[in-house]
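K.L.:
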Amino acid sequence: MINLRQHIPQYIVALFLLIMFATARTINLSVSGLISDSLVRLGMNGVLTLAMLPMLHAGAGLNFGMSFGIVAGLLGMSLAVNFRQIGLPGFCCALLFSIAFALVLGFFYSLLLNRVKGREEIAGIFSGFSFIFLMNFFWAVAPFTNAAMLWPIGGQGARPTVNLEPYFGKIVNNFLLIQLGDFQLPLGLIVSFLLLCLLVYIIFQSRLGLAIIATGESEQFAQLSGVNVKKMRTYAIILSTVLAAVGICFYAQGYGFLELYDAPLLMAFPAASAILLGGYTRRGASIFQVITGTFLFQALYVFTGPIANTLLAPQVSELLRMIISNGVILYSLLYEGRQKNLAAK
1 MINLRQHIPQ
11 YIVALFLLIM
21 FATARTINLS
31 VSGLISDSLV
41 RLGMNGVLTL
51 AMLPMLHAGA
61 GLNFGMSFGI
71 VAGLLGMSLA
81 VNFRQIGLPG
91 FCCALLFSIA
101 FALVLGFFYS
111 LLLNRVKGRE
121 EIAGIFSGFS
131 FIFLMNFFWA
141 VAPFTNAAML
151 WPIGGQGARP
161 TVNLEPYFGK
171 IVNNFLLIQL
181 GDFQLPLGLI
191 VSFLLLCLLV
201 YIIFQSRLGL
211 AIIATGESEQ
221 FAQLSGVNVK
231 KMRTYAIILS
241 TVLAAVGICF
251 YAQGYGFLEL
261 YDAPLLMAFP
271 AASAILLGGY
281 TRRGASIFQV
291 ITGTFLFQAL
301 YVFTGPIANT
311 LLAPQVSELL
321 RMIISNGVIL
331 YSLLYEGRQK
341 NLAAK
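First residue of the sequence shown: 1, per full-length UniProt numbering; consecutive thereafter.
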C-alpha cells in the first residue's frame, strides 16, 4: 500500500512545476527551451546526486561530506588544465586524476566516519566544511605553472575561477547534441549519466553490492552472514567519494569553468535535496529516485528563474529555491523521526 504522506514533497514540487509550466506559456517564455535546460542540468547534476546512493545503501546516511570528492575532482581537473590537456582526451585525463585523488581522500574520509558511526551526517557536514577551508590554503599557494590558472599579479596561487573553454569546457554537453528549434537534447550528456547509473546498478547487484546493502539494512544480520561490516562501509564511502569527484567533472565542464576556494562549500545540500525529493527513505534508495529527484529539483531551478525575473524581482527565484530545497530536507527528517517514534511505540 502506497504511503501518500511519504510523497508529499514530490506532489508539492510537481504541482508547483505545473503552475510554472502554465505561467511560462502565459507570459510567452520558451517552454521547450526551459525543458531542454532542465535536461542539461539533469545530466550535469545527476552524478552528484548519484554519489549519495552508496552511503545510503551502507546505512551511513546522506553524504554531507561530499566536499572530499568534489575537491578531488577539482584537483584532477586543475592538473589536467595545468598540463594543457584538451578535448575529450583531456576530459578523460581529468577524470582519471580525479578518481585517483578520490580513492585516497575517500579512504581517509571512511576512517573518520567509521569512528563516528551513527553520527555520520553531522560529522560529514563539519569535516567537509573544515576540509574546504583547509584546501583554501592549498589553492592560494598551489604550484601550478599554467599562467591561465594563476593570479595575474604575482603569478602565484590559483584564481577563484578557471576557464575551461580552451581545454574541455562543454565537451560532454556538446557531444551528440540534437537541435530541434528551441529544444536541445544533450544526448551525449544524458547517455553518459545513464551509463554511470547503470554501472552503479550493476555494482549493487554484485556480491559486493549486496553485502553493502545487507550492512545498511542490519549490521547484526550482516555480521552473522560473514560480512565484514567495517570493510563494506569503507567501500561504500570510497565509492561515494569517487562518484562525487566524477560528478563535479561533469558539472564543471557543463558550465565551462572551475570554481575553487569556497565555491563547493554547500554543493552537498542540493544533491541531498534531490534524492530526498525523489522519494528516498531509510527503507531504501534507488536509481529511479536519483533520476526523478534530480530532474524535479533542477526543473524547479530552471523554471523559477526566468519566471520570477519576468514577474517579480530576480532575487525571489533564488529565495524560492532555497526555501523548497531546505524544506524538503527538513520535511524528510521530520517524517523519518516520526516513523522511528511510531516504530518504537
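Glycine included, each C-beta is placed from N, C-alpha and C at the ideal position.
Excluding five sequence neighbours on each side, which residues of the same chain lie with their C-beta closer than 7 Å to the C-beta of L53?
P.N.:
Counting from one through the sequence shown, the residue named residue 53 turns up at place 53. V200, A285, V290.
K.L.:
Does the stretch 143–152 come close enough to the stretch 80–92 that 3 or more CB-CB pairs lie under 8 Å?
P.N.:
yes
K.L.:
D182: buried (16+ other C-beta within 10 angstroms of its C-beta) or exposed?
P.N.:
Along the sequence shown, one-based indexing puts residue 182 at 182. Under this definition D182 is an exposed residue.
K.L.:
Taking 6 Å as the line, does the beta carbon of L34 fall inside it for any heavy atom of the ligand ADP?
P.N.:
With respect to the ligand ADP, the structure offers nothing, as it holds no ligand at all.
K.L.:
M322: buried (16+ other C-beta within 10 angstroms of its C-beta) or exposed?
P.N.:
Against the sequence shown, residue 322 aligns to sequence position 322. Counting Cβ neighbours within 10 Å, M322 comes out exposed, since fewer than 16 surround it.
K.L.:
With DSSP as the reference, label I12 as helix, strand or coil.
P.N.:
Residue mapping note: residue 12 aligns to position 12 of the sequence shown, counting from 1. It is helical.
K.L.:
What three-state label does DSSP hand A263 in the structure shown?
P.N.:
For the purposes of this step, residue 263 is taken as the residue at position 263 of the sequence shown. Three-state DSSP puts A263 in coil, outside helix and strand.
K.L.:
Restricting to Cα atoms, I'd like to know which of A80, G118, T292, L112 is closest to A100.
P.N.:
Taking the first residue of the sequence shown as position 1, residue 100 is located at position 100. The residue with the shortest Cα to Cα distance from A100 is A80.
K.L.:
Beta-carbon separation of G65 and G128 under 7 Å?
P.N.:
Translated into positions along the sequence shown, residue 65 becomes position 65. Translated into positions along the sequence shown, residue 128 becomes position 128. Going by C-beta atoms, G65 is nearer than 7 Å to G128.
K.L.:
Which residue or residues does DSSP assign as beta-bridge partners of I178?
P.N.:
Locating residue 178 in the sequence shown gives position 178, counting from the first residue. BP columns for I178 point to L185.
K.L.:
Taking the straight line between their C-alpha atoms, what separation do you get for L330 and V71?
P.N.:
Locating residue 330 in the sequence shown gives position 330, counting from the first residue. Locating residue 71 in the sequence shown gives position 71, counting from the first residue. Answer to the nearest angstrom: the Cα atoms are 27 Å apart.
K.L.:
C197 to L208, Cα distance in whole Å?
P.N.:
For the purposes of this step, residue 197 is identified with residue 197 of the sequence shown, where counting begins at 1. For the purposes of this step, residue 208 is identified with residue 208 of the sequence shown, where counting begins at 1. Rounded to the nearest angstrom, the two C-alpha atoms are 17 Å apart.
K.L.:
Counting pairs of beta carbons, one from the stretch 227–236 and one from the stretch 55–63, are three or more of them closer than 8 Å?
P.N.:
yes
K.L.:
In three-state DSSP terms, what is M1?
P.N.:
Walking along the sequence shown from the start, residue 1 turns up at place 1. Model confidence at M1 stands at a pLDDT of 43, short of 50, so the residue's coordinates are unreliable; what they give is reported in the following sentence. Looking at M1 - three-state DSSP - the assignment turns out to be coil, as it is neither helix nor strand.
K.L.:
If you measure between the beta carbons of T304 and F68, is that distance less than 7 Å?
P.N.:
Here the question's residue 304 lines up with position 304 in the sequence shown. Here the question's residue 68 lines up with position 68 in the sequence shown. Result no, Cβ atoms of T304 and F68 do not sit closer than 7 Å.
K.L.:
Report the partner residues of F257 according to the DSSP bridge assignment.
P.N.:
For this step, residue 257 is matched to residue 257 along the sequence shown. Residue pairing from DSSP places F257 in a beta bridge opposite N163.
K.L.:
Taking a contact to mean a Cβ-Cβ separation below 7 Å, would you say P160 touches Y261 in this structure?
P.N.:
Here the question's residue 160 lines up with position 160 in the sequence shown. Here the question's residue 261 lines up with position 261 in the sequence shown. Closer than 7 Å, so yes.
K.L.:
By the 10 Å Cβ neighbour count, where 16 or more other Cβ atoms means buried, how is R41 classified, buried or exposed?
P.N.:
Position 41 of the sequence shown holds residue 41. It is buried - the Cβ of R41 has at least 16 other Cβ atoms within 10 Å.
K.L.:
How about F297 and A274: are their beta carbons less than 7 Å apart?
P.N.:
Counting from one through the sequence shown, the residue named residue 297 turns up at place 297. Counting from one through the sequence shown, the residue named residue 274 turns up at place 274. For F297 and A274, yes; Cβs fall inside 7 Å.
K.L.:
Excluding the five sequence neighbours on either side, which residues of its own chain have a C-beta within less than 8 Å of the C-beta of G252, listed in chain order?
P.N.:
Taking the first residue of the sequence shown as position 1, residue 252 is located at position 252. Checking the sequence shown, residue 252 turns out to be Ala, not Gly. If we look at A252 and ignore the five residues flanking it on each side, its Cβ neighbours are G73, L74, M77, L164, L258, E259.
K.L.:
Is it right to say I307 is buried, meaning 16 or more other beta carbons lie within 10 angstroms of its own, or is it exposed?
P.N.:
Along the sequence shown, read from residue 1 onward, the residue named residue 307 stands at position 307. So I307 counts as buried.
K.L.:
Look up A222 in the DSSP assignment and give the residues it is bridged to.
P.N.:
As a first step, residue 222 must be located in the sequence shown, where it is residue number 222. For A222, which the question treats as bridged, DSSP gives no partner whatsoever.
K.L.:
Measuring alpha carbon to alpha carbon, tell me which residue in K117, F91, L224 is nearest F175.
P.N.:
In the sequence shown, counting from the first residue as 1, residue 175 sits at position 175. That would be F91, whose Cα lies nearest to the Cα of F175.
K.L.:
Could you please give the first and the last residue of the uninterrupted alpha helix (DSSP H) stretch that includes A100?
P.N.:
Position 100 of the sequence shown, counting from 1, holds the residue named residue 100. Here the alpha helix (DSSP H) through A100 covers 87–115.
K.L.:
Taking S30 as part of the alpha helix (DSSP H), name the residues at either end of that continuous run.
P.N.:
What you label residue 30 is simply residue 30 of the sequence shown in a count that begins at 1. Premise fails: S30 is in no alpha helix (DSSP H) and is neither H nor E.
K.L.:
DSSP on L62, reduced to helix/strand/coil?
P.N.:
As a position in the sequence shown, residue 62 is number 62, starting the count at 1. DSSP places L62 in coil when its eight states are reduced to three.
K.L.:
Taking all protein chains shown into account, decide if G216 is buried (16 or more other Cβ within 10 angstroms of its Cβ) or exposed.
P.N.:
On the sequence shown, position 216 is the one that residue 216 refers to. So G216 ends up on the buried side.
K.L.:
Within this structure, are the beta carbons of S110 and I238 separated by less than 7 Å?
P.N.:
Mapped onto the sequence shown, residue 110 falls at position 110. Mapped onto the sequence shown, residue 238 falls at position 238. Result yes, Cβ atoms of S110 and I238 sit closer than 7 Å.
K.L.:
Would you tell me roughly how many angstroms separate the C-alpha atoms of L15 and Q205, rounded to the nearest one?
P.N.:
For the purposes of this step, residue 15 is taken as the residue at position 15 of the sequence shown. For the purposes of this step, residue 205 is taken as the residue at position 205 of the sequence shown. Looking at the two C-alpha atoms, the distance is approximately 35 Å.
K.L.:
Taking the C-alpha atoms as reference points, what is the distance between V172 and S225?
P.N.:
The sequence position of residue 172 within the sequence shown is 172, counting from 1. The sequence position of residue 225 within the sequence shown is 225, counting from 1. Cα to Cα, the separation comes out at about 43 Å.
K.L.:
I'd like the list of long-range same chain contacts for Q223, defined as Cβ closer than 7 Å, with 5 residues on each side in sequence excluded.
P.N.:
Locating residue 223 in the sequence shown gives position 223, counting from the first residue. Closer than 7 Å at Cβ, skipping near neighbours: V229.
K.L.:
Do you know whose CA, among G247, Y167, I178, F221, lies nearest S195's CA?
P.N.:
Residue mapping note: residue 195 aligns to position 195 of the sequence shown, counting from 1. Per the sequence presented here, residue 195 reads as Leu, with Ser not at that position. When only C-alpha atoms are compared, the closest one is G247.
K.L.:
So what does DSSP say about A158, is it helix, strand or coil?
P.N.:
For the purposes of this step, residue 158 is taken as the residue at position 158 of the sequence shown. Three-state DSSP puts A158 in a strand.
K.L.:
Do S98 and A245 have their CB atoms nearer than 7 Å?
P.N.:
Your numbering for residue 98 matches position 98 in the sequence shown. Your numbering for residue 245 matches position 245 in the sequence shown. Their beta carbons are under 7 Å apart, which means S98 touches A245 by this criterion.
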